[in-house]
Amino acid sequence: MPLSGAAQDAPKPASKPVAATDSPSRWDIFAGYSYLAPKGTIEVMQPTPGNPVVPISYNSMDAGIIGSVARYFNNNVGLQAESSTHDTFTNSTNSNGAITTVQGGLIFRFPFDDITPFIHGLAGGSYMGGPEHEPYKWGPSLTAGGGMDYQTPLFNHHLAIRLFQADYQYMHNNWGPGVYGGRANIDAARLSTGLVYHIGTIAPPPQLTVSCSATPTSVFPGDPVNLTATVGSQDPKLNVVYGWSGDGVKGNGASATVDTSSLAPGAHNAKCDAKEGKPGREGLKPWEVAQQGTAAYTVKEFEPPTISCSVSPTTIKPGDSATITAQGMSPQNRPLTYSYAASAGTVNGTGNSATYASTGAPTGPVSITCNVADDKGHNASSNASLSIEAPPPPPQPHTQALCSISFTNDKKRPTRVDNEAKACLDEVALDLQRQSDAWAVVVGESTAKERAAMEKASRRKHGKPMPNPAAQRAVNTKQYLVADKGIDASRITVATGSADDQKVENYLVPSGAKFSSDVQGTTPVDESQVKPQERKTLPQRHAPQRHAGHASAKHVRMKHTAARAPRKHHGARRVSLIRKHGHKRS
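FYI, in our numbering the residues of the sequence shown are 1 to 586.
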């Protein structure tokens, strides 16, 4: 049945509660002087002839002011809004710019009796004028730093002196290209000092707390349990009243006992209460009443048996068996009965040893449970485990390099798939037909000379861009496989490589293989930009008909003349035209 009692604790060492007037403030308003030392170079284009680019740096700014407002949620954490401006209203003697920041973020303080260190992290914007005629412009800014406030008794302890505030600031701005433009990445050191005014308080005095404990926490029926209550955040000047409740609880003050002789086996709780205040007026204020504490203890039945369980071997192959060994013990030496269970497979045996059979069990871990029971209905169990090995996994498939085709035969059409490539590509098509779940990768290559020509064409202002020969070869090869061999286009991927050659390399990627891991250094081709070219044969030239006699004799003479004379006039004339006009017409 519930009991309650009252007593006054002997004086205990306790921290002095913080009075409302001594509690950390809810709001802090700061204003003061600020010095800024920005570091960073801006590459500024000058308006002089040739538009030289000159590195310009900000000078230090010693004409600055700063202000902030912080709102705290508890003794330590709050939100802060801050603004500072340097060389905006009054220039320093060596000023060459001005910077204003507006930021917000988190502030953390650590209040002591007379001093309050703090740190903060802020993010926001900076309104900057450049050191070389750059206009004022907003950009992002970050601030990290801290400082220390000294508490004064002035204005009823509401006024403090910020001894120092030291911050690192990062500011970025981009005035764009052109004259008096540039990009600024400023690392700045900022030093500030001033006055802080406190408004409001955080919280009332600390809440009284109470906790209670039971010793021992587990007993047999009839064994005593000792209870102890301990209060926290106590004002040593005030009286503390304790109360106890629970089945079998006897006593008052900070200590009590439990008579367990009449308690049923199981879990039990004893509850303790505490309140403080002047004698006879305890608990009039909310923080003077502690939340009820609970001490748990257990009344045990006579001890049940215990058991240990092991299996050997712990790793077997499918179809193998293992031996299970159980060791049970009853504190009262009662007769014991054993039983077993397995998460997979079967167990045969009823004594302290049994046999596990893995027939029909899947591979992987198997849990074995050993159970023991005495004649009083008390039970215990223990677990062991073994593992049935899985067969080794199949080998990982890899990309297979197939044949490659050359594009060096047709000088006039170096990206055309000629007849000599058909044999190779027919084999590629057969491989894809044999492996319906595989796909192909066609990698086109180009020479360094072709890449240089393509790069040169891309730099021309009005010239037609030159297609990528490597990409065109890959796309033309895919077109042959799709149009001529009937391969699904979704099963063929095109890419370019980095080799110095006029060829296409073909790869077969089986299901499960990763081309990017097996073959490196390739770049996918955007097929929306590179279209396949039609495979056309060159038109044949027809000589004009002449009389048979003249034609035969003249043909023999021309043939011998051509064999003797080197054919250089046409090439020389063509080189001359190239040098004269700067390009060759097709």
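Just so it is clear, CB atoms sit at the ideal spot from N, CA and C, and this is done for glycine as well.
9 Å Cβ cutoff met for residue i and residue j
i, j, result
"S213", "G232", "no"
"W287", "P204", "yes"
"G444", "T477", "yes"
"L430", "N506", "no"
"N468", "S498", "no"
"G147", "Q165", "yes"
"P265", "A373", "no"
"V417", "L508", "no"
"K450", "Q502", "Reading the sequence as shown, one finds Glu at residue 450 and not Lys. The answer is yes: Cβ separation under 9 Å."
"V311", "T325", "yes"
"I42", "A184", "yes"
"P140", "H172", "yes"
"I119", "I107", "yes"
"G512", "Q396", "yes"
"S105", "W175", "Position check: residue 105 holds Gly in this sequence, whereas Ser was assumed. Not in contact: G105 and W175 (Cβ atoms no closer than 9 Å)."
Between the CA atoms of residue j and residue i - distance to the nearest angstrom
i, j, result
"A290", "K271", "12 Å"
"A562", "T523", "Only weak support is given to the placement of A562: the predicted model assigns it a pLDDT of 38, under 50, and the question is left unresolved by the model."
"G32", "R190", "13 Å"
"F30", "S192", "11 Å"
"S308", "E301", "21 Å"
"S57", "D28", "35 Å"
"Y35", "E134", "22 Å"
"G222", "E282", "36 Å"
"M128", "Y136", "5 Å"
"S84", "P38", "14 Å"
"L159", "L208", "31 Å"
"G78", "T143", "16 Å"
"D62", "S95", "9 Å"
"A495", "R473", "10 Å"
"P49", "R460", "26 Å"
"S358", "P392", "19 Å"
"S516", "A423", "27 Å"
"S576", "K412", "With a pLDDT of 33 at S576, under the threshold of 50, the predicted position of this residue should be treated as unreliable, though the coordinate-derived value follows. Rounded to whole angstroms, S576 to K412 spans 21 Å at the Cα level."
"K376", "S353", "23 Å"
"V504", "T314", "55 Å"
"M558", "Q479", "Summary for M558: the model assigns pLDDT 40, below 50, so the residue's position carries little reliability, and this model does not support an answer."
"N74", "T93", "44 Å"
"V587", "D426", "Here the chain comprises residues numbered 1 to 586, so residue 587 is not present and cannot be evaluated."
"D259", "E303", "20 Å"
"P153", "P117", "18 Å"
"A322", "T337", "21 Å"
"V196", "D149", "8 Å"
"H398", "Q520", "13 Å"
"A344", "A380", "21 Å"
"I199", "N91", "34 Å"
"N419", "D518", "30 Å"
"E534", "A470", "16 Å"
"F89", "L163", "25 Å"
Cβ distance (whole Å) where residue i is taken to contact residue j below 8 Å
i, j, result
"G97", "D87", "7 Å"
"R109", "R71", "Incorrect: roughly 12 Å between the Cβ atoms, too far for contact."
"T452", "M466", "Note that residue 452 is Ala in the sequence shown, not Thr. Rounded, the Cβ-Cβ distance is 11 Å, inconsistent with contact."
"P318", "T363", "6 Å"
"A229", "A254", "5 Å"
"G182", "V44", "5 Å"
"T201", "N226", "That belief does not hold up - the Cβ atoms of T201 and N226 are roughly 41 Å apart, past 8 Å."
"P510", "Q433", "With a Cβ gap of about 14 Å, P510 and Q433 do not count as contacting."
"V179", "Q46", "7 Å"
"K316", "I388", "For the record, residue 316 in the displayed sequence is Ile; it is not Lys. So it is a contact: roughly 6 Å between Cβ atoms."
"V475", "E527", "6 Å"
"A342", "Y356", "6 Å"
"A421", "D500", "Actually they are not in contact, since the Cβ atoms of A421 and D500 sit about 20 Å apart, beyond 8 Å."
Heavy atom of the ligand FAD within 8 Å of residue i beta-carbon
i, result
"V54", "This structure simply doesn't include the ligand FAD, nor any ligand for that matter."
Min CB distance residue i to chain C below 9 Å
i, result
"C424", "No chain C appears in the structure shown, which is made up of a single protein chain."
I want to know whether the stretch 433-445 touches the stretch 491-506 - three or more CB-CB distances under 8 Å. yes
Are at least three pairs of beta-carbons, each pair with one atom in the stretch 232-250 and one in the stretch 264-282, less than 8 Å apart? yes
Entirely enclosed beta strand (DSSP E) segments - the stretch 46-124, minimum 3 residues: 53-57, 61-72, 77-86, 98-109
Pairing CB atoms from the stretch 284-300 with CB atoms from the stretch 213-231, are three or more of them under 8 Å? yes
With a cut-off of 8 Å, do at least 3 Cβ pairs link the stretch 90-101 to the stretch 123-134? yes
Where are the beta strand (DSSP E) runs, 3 residues long or more, that stay fully inside the stretch 412-499, in chain order? 439-446
Is the stretch 237-248 close to the stretch 325-337, with three or more CB pairs under 8 Å? no
Complete alpha helix (DSSP H) runs within the stretch 151-185 (minimum length 4 residues, chain order): 154-157
Is the stretch 350-369 touching the stretch 379-388, taking contact as three or more C-beta pairs under 8 Å? yes
Jot down the residue ranges of each uninterrupted beta strand (DSSP E) in the stretch 282-343, minimum 3 residues, whole runs only, in chain order. 293-299, 306-312, 321-329, 336-342
Secondary structure, beta strand (DSSP E): runs of 3+ residues fully inside the stretch 206-279: 209-215, 225-232, 239-245, 255-258, 266-277
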